[in-house]
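What follows is a short report on a single structure.
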Amino acid sequence: EMWALFDFACEGKLLGTSRTFKKEYEDPIVRARERDATTYEKRMGMEMSESLRKLIEPYFLRRTKAMVLEKKNKNPDEVDGSEESDKENKEGSIRRMPKELTRKNDFVVWLYMSESQIKIYSDFLGLERVKELLMSTRSPLAELNVLKKICDHPRLLSTLACEQLGLDEQARLVEMDADEDDSRSFATQPKGLGPSDKVLTQESGKMVFLVSLLDNLKAEGHRCLVFSQSRKMLDIVQRVITHRFLFHFALIRGH
-5 EMWALFDFAC EGKLLGTSRT FKKEYEDPIV RARERDATTY EKRMGMEMSE
45 SLRKLIEPYF LRRTKAMVLE KKNKNPDEVD GSEESDKENK EGSIRRMPKE
95 LTRKNDFVVW LYMSESQIKI YSDFLGLERV KELLMSTRSP LAELNVLKKI
145 CDHPRLLSTL ACEQLGLDEQ ARLVEMDADE DDSRSFATQP KGLGPSDKVL
195 TQESGKMVFL VSLLDNLKAE GHRCLVFSQS RKMLDIVQRV ITHRFLFHFA
245 LIRGH
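Here the sequence shown stands for residues -5 to 249, numbered as in our numbering.
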């Protein structure tokens, strides 16, 4: 995405071709972030990341939170005529920004899959068509998508994938092409219908970690946001936390 933006804005004169950019910058930077990256690869990734930052710096205008807060808090009472009028019209509706914001920390947590996930994952890799694909030059995108679903939660698998793996069709959450109402009905099912919340949690390493994390956050009085790239995964999360925590929450589902 970065290459595409700068290639368009700078008419291809800054970052070279897509292939060159990938080889010189993207590959070493991405490799440095891998769990099994060597010390040399990590150092090389940092150096290329810094080199890229300096290269695009003259063309990349950044406005950080610190800069915005400094401007807002420097002279909070000094406003021109138009701003004063605007302030009068919106009195009470605008809050001043806080003088300090807590630092945001990003943590990447490596999780183990559940036993059922490991078995399904291994069984899928053992399918003849998958073995043939690994030996060919065809795109493995569809198969990688299946593996991703297994890593998220086995109940996200489609009917076809379940049939190929010999799984009980009832083990699926909803059909891949199910409409939104079907998906929501699962998320709001009362206890006693469908798989138990305990089963839904234990089937996925991510769900085990999430429930444990929410337990701690609730005990410490925190509020939180839970994101997922899958609406069906959110259905599972919604059902489990509704029954377990009795949380008051809002669900935003993209379309």
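Backbone N, C-alpha and C define an ideal beta-carbon position, used for all residues, glycine too.
Please read all numbers here as calculations on a predicted model, not as lab measurements.
Spatially closest choice to residue i from the options, by CA coordinates
i      : options                        : result
Ser224 : Leu105, Leu151, Met107, Asp21  : Leu151
Asp21  : Asn99, Tyr53, Leu46, Gln111    : Leu46
Lys212 : Thr195, Ser198, Ser190, Leu240 : Leu240
Phe54  : Ser108, Leu8, Ser116, Asn99    : Leu8
Lys234 : Gly215, Ser198, Ser12          : A quick correction: the sequence has Val, not Lys, at residue 234. If we check each option's Cα against that of Val234, Ser198 comes out closest.
Tyr106 : Arg238, Tyr115, Ser130, Glu18  : Tyr115
Met227 : Lys143, Arg217, Gln196         : Lys143
Leu159 : Leu194, Arg123, Thr131, Pro189 : Arg123
Glu37  : Lys48, Ile23, Ile50            : Looking at the sequence shown, residue 37 is not Glu but Arg. Of Lys48, Ile23, Ile50, the residue nearest in Cα terms is Ile23.
Where residue i falls, given that 16 or more other Cβ within 10 Å makes a residue buried
i      : result
Ala26  : buried
Gln232 : buried
Ala155 : buried
Arg149 : buried
Ser79  : With a pLDDT of only 48 at Ser79, under the threshold of 50, the placement of this residue in the model should not be trusted; the figure read from the coordinates follows. Classification of Ser79: exposed, given that the 10 Å Cβ count is below 16.
Lys200 : buried
Asp30  : exposed
His147 : buried
Ser108 : buried
Ile246 : exposed
Gly39  : buried
Thr153 : exposed
Ala244 : exposed
Residue i in three-state terms, based on DSSP
i       : result
Gln232  : helix
Gly6    : coil
Ile246  : coil
Met40   : helix
Tyr106  : coil
Asn252  : Nothing about residue 252 can be read from this structure; the chain reaches only from -5 to 249.
Val140  : helix
Pro12   : The residue asked about is misnamed: residue 12 is Ser in this sequence, not Pro. The answer is helix: DSSP assigns Ser12 an H, G or I state.
Ala(-2) : helix
Thr32   : coil
Cys218  : coil
Arg132  : coil
Arg47   : helix
His237  : helix
Phe54   : coil
Glu169  : For Glu169, the pLDDT reaches just 42, beneath the cut-off of 50, and the residue's location in the model is therefore unreliable, leaving the point undetermined.
Gln111  : helix
Lys81   : Unreliable placement is indicated for Lys81, whose pLDDT of 49 sits below 50; no coordinate value is reported for it.
Arg149  : helix
Ser224  : coil
Range of the contiguous alpha helix (DSSP H) that encloses residue i
i      : result
Met201 : 199 to 213
Leu127 : 122 to 128
Leu154 : 153 to 159
Thr195 : 191 to 196
Pro22  : 21 to 26
Closer than 8 Å: residue i CB and nearest the ligand SAM heavy atom
i      : result
Phe203 : The model depicted lacks the ligand SAM and carries no ligand whatsoever.
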